[in-house]
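Residue numbers (this note's numbering): 356 to 605.
One structure is given below, encoded as C-alpha cells.
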C-alpha cells in the first residue's frame, strides 16, 4: 500500500521537479530520502528474530551491481550511437559477464540475494513469472506514455503527471482488494482474471473516434494493470489520457 501511494504521489512530484529543477532532480531527490529512511530504520526497526547464520551476500551484491551499471551504460550509449558501435557492444558484453557470474553464484551462496530454490515451488514460479511480465509491460508503458503525452501531445510535465494519475489511483484501489480475494479464493483465479481483463483492454476497436476512445479508456481503467496502446491511436491507454481528452490543439 505504501509503495502504491508513493507511486501516485511521484507522478505529480516528478512532474514538478522536472518542470522547475530539471530531470536530474528526479534522481538527486532520492539521496536525502534514502539517508532519512536508513536513519529511521536503524533507529526504530528491531533486528530480525532469525539472524543466525545470515550474512549479507556481498559478492552477489557486487556482481549484480556491476552488471546492471555496465548494462545501463551500454543502453544509454545506444541512444546516441548504433547498436554495432564498438563501445556499446563492449559495455553490453562486459555487463553479461558479472550478471552470468551472479546467476551461478546465487546457486551456491549461503544467503543468496535471490533464493533460486524457491522457484521449485510451482505456485511461486507462476506468481513471479506473471509479476515479472506485468511489471515489464506496466512500467514500460508508463515510461512510454509519459514521453508520448509530453513530446507528442504537448503536455507539460505536471500536466502529464496529472493525466497518469487514474492508472496509479486505480491500482491503489484494486491491489488490496485483489490481495484479499487471493487469500480467500486462491491466487490462480485472481491472476487469470487480471490477465484476461488486461488482454481485453488491449483489444483494438474499429471505431476510433473520440467517444469510442473515451469509452475504451474507462472500460479498461478498472484493470489497474497493464496499459495497452492501440496501433491506430496511441493515446488509447487505460485510464491515462482520458481525463484530458481532447488534448491541447487536438
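The C-beta atom is built at its ideal place from N, Cα and C for all residues, glycine as well.
Everything numeric in this text was worked out from a predicted model, so none of it was measured.
- When the Cα atoms are used, residue 439 and residue 457 turn out to be separated by approximately 26 Å.
- Residue 496 counts as buried, since no fewer than 16 other beta carbons sit within 10 angstroms of its beta carbon.
- Residue 387: member of the alpha helix (DSSP H) spanning 385–399, first to last residue.
- Cβ neighbours of residue 425 within its own chain (closer than 8 Å, five residues either side excluded): 446, 447, 449, 450 and 453.
- Boundaries of the alpha helix (DSSP H) around residue 460: 441–463.
- Residue 415 and residue 464 do touch by the CB rule: their CB atoms are close to 6 Å apart, below 8 Å.
- CA-to-CA, the gap between residue 506 and residue 377 works out to about 16 Å.
- Taking residue 504 as the centre and dropping the five residues before and after it, the same chain places the C-beta of 510, 515, 518 and 596 closer than 7 Å to its C-beta, in chain order.
- Of the other Cβ atoms in all chains shown, 16 or more fall within 10 Å of the Cβ of residue 521; this residue is therefore buried.
- Here residue 510 carries a coil assignment [DSSP, helix/strand/coil].
- Rounded to the nearest angstrom, the Cβ distance from residue 460 to residue 397 is 28 Å, too far for a contact under 8 Å.
- DSSP places residue 497 in the helix class (H, G or I) of the three-state scheme.
- Residue environment for residue 525: buried (at least 16 other C-beta atoms within 10 angstroms of its C-beta).
- In the DSSP assignment, residue 414 falls within the alpha helix (DSSP H) that extends over 413–435.
- If you check the CB distance, residue 443 and residue 429 come in under 7 Å.
- Per the C-alpha coordinates, the member of 472, 492 and 441 positioned closest to residue 550 is 492.
- By a beta-carbon distance limit of 8 Å, residue 384 contacts residue 372. Their separation comes to about 6 Å.
- A direct Cα-to-Cα measurement between residue 437 and residue 431 gives close to 11 Å.
- Spatial neighbours of residue 546 in its own chain (CB-CB distance under 7 Å, excluding positions within 5 residues in sequence) are listed in chain order as 485.
- Residue 523: member of the alpha helix (DSSP H) spanning 520–540, first to last residue.
- In the displayed model, residue 473 falls within a helix according to three-state DSSP.
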